[in-house]
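J.: Using my numbering, read the sequence shown as starting at 8 and increasing by one per residue. Every residue, glycine too, gets a C-beta built ideally from N, C-alpha and C. As the structure is a prediction and not an experimental result, all values here were calculated from the model. Okay, here's the structure, questions in a sec.
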Amino acid sequence: MSDQTKPITHAIREFYDQNVSLEWERLDRHPIEFLLTKRVLDQYIHPAQSVLDLGGGPGRYSLYLCEHGCQVTLMDLSSANVEFALSKASAANLCLEGLTGDALDAPSLLPNRQFDHILLMGPLYHLLEEADRQCAVNNALYLLKPGGRLYVSFLPMFSGMIYYMRNAPEGILNESDRVFFEAVVNDQSYGGAAFTQAYFIRQADILPFMSQFALEDQHILGQEGILAQFENCWIQQSPEVQQGWLDMAYALLERPEFLSYSEHIMVHGLKPKGGSR
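The structure is reproduced here in structure tokens:
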């Protein structure tokens with residue numbers, strides 16, 4: 008971690024320490040991401056397998072996988088997030104291992120450990136430097152068993168546009184937000200002030216970034232499918248209509264022409280079985 012990165016890391020840790028409940032409730036307020044991502048994970052992750060949820064926040068996915076009989080370790084930058092997740096696990100009589108740590112330091116915090124699956128669904132949202140993003144993925148691969156699957160999530164540039172159009176349309180007039188909008192117009196990525204310090208990547212840069220790493224059977228998908236922009240309408244529908252649209256969105260998750268409809272984009276793939284640490 009560079010000296011330039013340290014104050015940013017402190018600001019991000021402080022943000023999540025102060026907003027544990029808000030982050031836990033985020034997937035209640037925006038359930039489509041959680042519902043569709045669980046369906047993706049269910050395809051690959053099976054009971055009794057080991058999972059590292061690296062940067063897993065207050066443990067929504069960790070606890071879900073615990074409920075399904077997985078051996079789950081949650082690591083997060085925020086000690087408050089980890090404590091919250093462990094409390095939730097204890098209340099539900101679930102076995103969850105939790106520790107506080109930075110994805111950039113993960114191998115030293117988990118010596119002699121390897122996992123069947125690793126979720127890296129958060130750290131790349133906040134690593135503003137390319138070298139740090141590369142380090143986080145390489146650390147996850149180091150901790151992944153040969154033949155194991157890695158799940159990496161990104162905030163694409165258009166996710167910010169979806170947020171503004173759906174939740175804060177007046178933001179288009181805010182001088183403080185002009186830098187982000189100019190980056191969209193100029194087809195650039197953006198790293199800097201947002202809900203906290205955050206990195207939004209050009210959608211076209213995601214697969215080239217992931218091509219640096221030894222991953223087989225790569226899939227790219229939108230975690231909200233086609234529904235993120237229509238979430239407010241979807242929430243008001245009957246359970247039957249909601250399920251119908253979830254099924255449609257799931258069927259279209261990997262269609263490249265629809266990726267920009269999502270606020271989160273995931274790439275997942277296998278570490279080669281003949282690969283070394």
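Considering only residues of the same chain and omitting the five flanking positions on each side of S86, which have a CB-CB separation below 6 Å?
T.: Non-local C-beta neighbours of S86 in its own chain, meaning closer than 6 Å and more than five positions away in sequence, comprise T107, ordered along the chain.
J.: Report the rounded CA-to-CA distance for K112 versus F22, giving the unit in angstroms.
T.: According to the sequence shown, residue 112 is Asp rather than Lys. A direct Cα-Cα distance of roughly 20 Å separates D112 from F22.
J.: Roughly how many whole angstroms lie between the Cα atoms of V58 and F91?
T.: 19 Å
J.: Taking 8 Å as the threshold (C-beta atoms), are W241 and E249 in contact?
T.: Reading off the sequence, residue 249 comes out as Gln, not Glu. Yes.
J.: Taking the beta strand (DSSP E) that G199 belongs to, which residues open and close that run?
T.: Y197 to A200
J.: Look up T203 in the DSSP assignment and say whether it is helix, strand or coil.
T.: coil
J.: Taking only runs of the beta strand (DSSP E) that begin and end inside the stretch 34 to 79, which ones reach a length of at least 3 residues, in chain order?
T.: 57 to 61
J.: Under the rule that 16 or more other beta-carbon atoms within 10 Å means buried, what is C73, buried or exposed?
T.: Classification of C73: buried, given that the 10 Å Cβ count is 16 or more.
J.: Using beta-carbon positions only, say whether S166 and E270 come within less than 8 Å of one another.
T.: yes
J.: For the pair the stretch 125 to 138 and the stretch 97 to 104, tell me if three or more CB-CB distances fall below 8 Å.
T.: Flag = no, the stretch 125 to 138 and the stretch 97 to 104 do not touch.
J.: Please classify P65 as buried or exposed, where buried requires at least 16 other C-beta atoms within 10 Å of its C-beta.
T.: Burial state of P65 is buried, judged by a 10 Å Cβ sphere holding 16 or more other Cβ atoms.
J.: Do D60 and V79 count as a contact pair if the criterion is CB distance below 8 Å?
T.: yes
J.: Would you mind stating whether S196 and M168 have Cβ atoms separated by less than 8 Å?
T.: no
J.: Tell me whether the beta-carbon of L222 lies closer than 8 Å to the beta-carbon of L277.
T.: With respect to L277, L222 sits close: the two C-beta atoms are nearer than 8 Å.
J.: Nearest CA to the CA of L234: which residue from I39, C77, R209 and T203?
T.: I39
J.: Looking at the unbroken beta strand (DSSP E) that takes in G178, where does it start and where does it end?
T.: Per DSSP, G178 belongs to no beta strand (DSSP E) and is neither H nor E.
J.: Short check: CB of L151 to CB of F122, under 8 Å?
T.: yes
J.: Assign G155 to one of three DSSP states: helix, strand, or coil.
T.: strand
J.: Which two residues bound the contiguous alpha helix (DSSP H) that contains M128?
T.: Premise fails: M128 is in no alpha helix (DSSP H) and is neither H nor E.
J.: Does the beta-carbon distance from L34 to R67 come in below 8 Å?
T.: yes
J.: Are L70 and K95 touching if we call contact CB-CB under 8 Å?
T.: yes
J.: Is the beta carbon of L43 less than 8 Å from the beta carbon of A256?
T.: Contact check for L43 against A256 passes: the beta carbons are separated by less than 8 Å.
J.: Measuring CB to CB, does L162 end up less than 8 Å from A205?
T.: yes
J.: Measure the Cβ-Cβ separation of Q225 and V274 and say whether it is below 8 Å.
T.: yes
J.: Span of the beta strand (DSSP E) holding Q225?
T.: E223 to G229
J.: If you measure between the beta carbons of Y158 and L180, is that distance less than 8 Å?
T.: Not in contact: Y158 and L180 (Cβ atoms no closer than 8 Å).
J.: Using a Cβ-Cβ cutoff of less than 7 Å, which residues in the same chain neighbour G105 once the five nearest sequence positions on both sides are dropped?
T.: L81, V89, A92 and L93
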